[in-house]
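Numbering (the working numbering), first residue to last: 191 to 547.
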């Protein structure tokens, strides 16, 4: 009982000390770590993960994984985002949520391997099922997107632990990881390299996309609903409610539409229950009777908590004639403030950086 009480206190303190101004959100979502950290002296967040998820545990959780998914690749992906698992106790919550969603995205979902429960079948798929041959694999291209232009002969179907898809996601992720937005657009299979295969999942988990907060901020308690959120059903008063919001963030339009009760959303929760138990998440749900249907809340919108913090950049049409530049906006433009893309925005918009003629 004493140990449980101490865990609750840690969670409480962590939740109320989060800064939710722009600077605080940007600091938490920043990819300022090192993918190639010194293995003999790993960063603190990696040490926190290792204390909860050893390589032996990794082998146990992912007995059907493809060869591209390796333990140190997972640690490297995490190391790039120092705020991920920065809190030693909340790390168990974060790991349970991240991996439960990985089961849904990459799991075998195979009843012919009864020795491996469904929640232990993650990382079976390295690429989207039936790709690149199926017709659906050709659908993830927005040809009108000049910001992240698709390349002839390349397909942007789901790849990696998050199943990253669409050229408008490959482009910014490429910029973040390589400094060049064209790297993955020209060769999307590079995402399957061990240093990137988990990183896309971490990027999506750590990055706020207005009006949606990051999944990280929901899970750790940094994001707190305002009166509008509560009135529209967005709650964080239980781990099950937080998990429902992460489903909203990851795939809300398909799985959390108003009045819906999709099987995919239920499956995610079914995987989360044993995963939360494995990592010892305090106040974890114990059965499907604790399920919170993500469709009981509406989509995040401009009145949600934190939605007014501008997280993207776009052409500033208010500048006087003859001047050109970008400014912060609330809507999703494709130029991420979390990746400090002001120069890229102005180069694409104006032809050069900070031009004035």
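Glycine is no exception: its CB is placed at the ideal position from the N, C-alpha and C atoms.
Everything numeric in this text was worked out from a predicted model, so none of it was measured.
Buried/exposed call for residue i, threshold 16 Cβ in 10 Å
{"i": "residue 307", "result": "exposed"}
{"i": "residue 193", "result": "Only weak support exists for where residue 193 lies, its pLDDT of 34 falling under 50; the value from the coordinates is given anyway. Its Cβ having fewer than 16 others within 10 Å, residue 193 is exposed."}
{"i": "residue 371", "result": "buried"}
{"i": "residue 217", "result": "exposed"}
{"i": "residue 536", "result": "buried"}
{"i": "residue 432", "result": "buried"}
{"i": "residue 330", "result": "buried"}
{"i": "residue 479", "result": "exposed"}
{"i": "residue 305", "result": "exposed"}
{"i": "residue 271", "result": "buried"}
{"i": "residue 461", "result": "buried"}
{"i": "residue 487", "result": "buried"}
{"i": "residue 302", "result": "exposed"}
{"i": "residue 294", "result": "buried"}
{"i": "residue 379", "result": "exposed"}
{"i": "residue 343", "result": "exposed"}
{"i": "residue 443", "result": "exposed"}
Three-state secondary structure (DSSP) of residue i
{"i": "residue 540", "result": "helix"}
{"i": "residue 191", "result": "Annotation note: pLDDT 33 at residue 191 (below 50); position unreliable, coordinate value reported separately. Residue 191: coil per DSSP, three-state reduction."}
{"i": "residue 278", "result": "coil"}
{"i": "residue 225", "result": "coil"}
{"i": "residue 517", "result": "strand"}
{"i": "residue 525", "result": "strand"}
{"i": "residue 219", "result": "helix"}
{"i": "residue 349", "result": "strand"}
{"i": "residue 266", "result": "helix"}
{"i": "residue 531", "result": "coil"}
{"i": "residue 326", "result": "helix"}
{"i": "residue 247", "result": "helix"}
{"i": "residue 389", "result": "helix"}
{"i": "residue 399", "result": "strand"}
{"i": "residue 317", "result": "strand"}
{"i": "residue 509", "result": "coil"}
Beta-carbon proximity list for residue i, same chain, < 6 Å, skipping 5 on both sides
{"i": "residue 388", "result": "263, 264, 267 and 351"}
{"i": "residue 394", "result": "352"}
{"i": "residue 438", "result": "446 and 484"}
{"i": "residue 365", "result": "371"}
{"i": "residue 517", "result": "506"}
{"i": "residue 450", "result": "485"}
{"i": "residue 208", "result": "412"}
{"i": "residue 540", "result": "514"}
{"i": "residue 337", "result": "524"}
The ligand SAM heavy atom lying under 7 Å from the CB of residue i
{"i": "residue 302", "result": "Within the structure as shown, the ligand SAM is missing, as the structure has no ligands at all."}
Delimiting residues of the beta strand (DSSP E) encompassing residue i
{"i": "residue 504", "result": "502-505"}
Unbroken alpha helix (DSSP H) run spanning residue i, endpoints
{"i": "residue 358", "result": "357-368"}
{"i": "residue 252", "result": "Taken as a continuous stretch (DSSP letters only), residue 252 belongs to no alpha helix (DSSP H), as it is neither H nor E."}
{"i": "residue 464", "result": "453-469"}
{"i": "residue 234", "result": "234-242"}
{"i": "residue 405", "result": "405-410"}
{"i": "residue 439", "result": "429-445"}
{"i": "residue 421", "result": "417-421"}
{"i": "residue 372", "result": "372-376"}
CB contact check: residue i to chain D, cutoff 8 Å
{"i": "residue 374", "result": "Protein chains in the displayed structure number just one, and chain D is not present."}
Beta-carbon contacts of residue i that lie in its chain and below 7 Å, excluding the five residues immediately before and after
{"i": "residue 385", "result": "225, 263 and 266"}
{"i": "residue 328", "result": "345"}
{"i": "residue 469", "result": "242, 282, 285 and 286"}
{"i": "residue 510", "result": "none"}
{"i": "residue 422", "result": "487 and 488"}
{"i": "residue 296", "result": "312, 313, 314, 315, 351 and 353"}
Supposed close pair residue i, residue j - CB separation, criterion 8 Å
{"i": "residue 456", "j": "residue 481", "result": "7 Å"}
{"i": "residue 467", "j": "residue 458", "result": "Not a contact, Cβ separation roughly 15 Å."}
{"i": "residue 406", "j": "residue 274", "result": "7 Å"}
{"i": "residue 524", "j": "residue 362", "result": "7 Å"}
{"i": "residue 396", "j": "residue 286", "result": "Actually they are not in contact, since the Cβ atoms of residue 396 and residue 286 sit about 16 Å apart, beyond 8 Å."}
{"i": "residue 391", "j": "residue 292", "result": "7 Å"}
{"i": "residue 310", "j": "residue 253", "result": "6 Å"}
{"i": "residue 251", "j": "residue 316", "result": "About 17 Å; that fails the 8 Å criterion."}
{"i": "residue 375", "j": "residue 359", "result": "Not confirmed; about 10 Å, so no contact."}
Cβ-based neighbour list, residue i, same chain, cut-off 8 Å, excluding 5 preceding and 5 following
{"i": "residue 521", "result": "400, 502 and 504"}
{"i": "residue 529", "result": "221, 362, 365 and 366"}
{"i": "residue 533", "result": "543"}
{"i": "residue 428", "result": "473, 475, 480 and 482"}
{"i": "residue 321", "result": "327, 345, 347 and 348"}
{"i": "residue 519", "result": "500, 502, 503 and 504"}
{"i": "residue 233", "result": "223, 224, 227, 269 and 272"}
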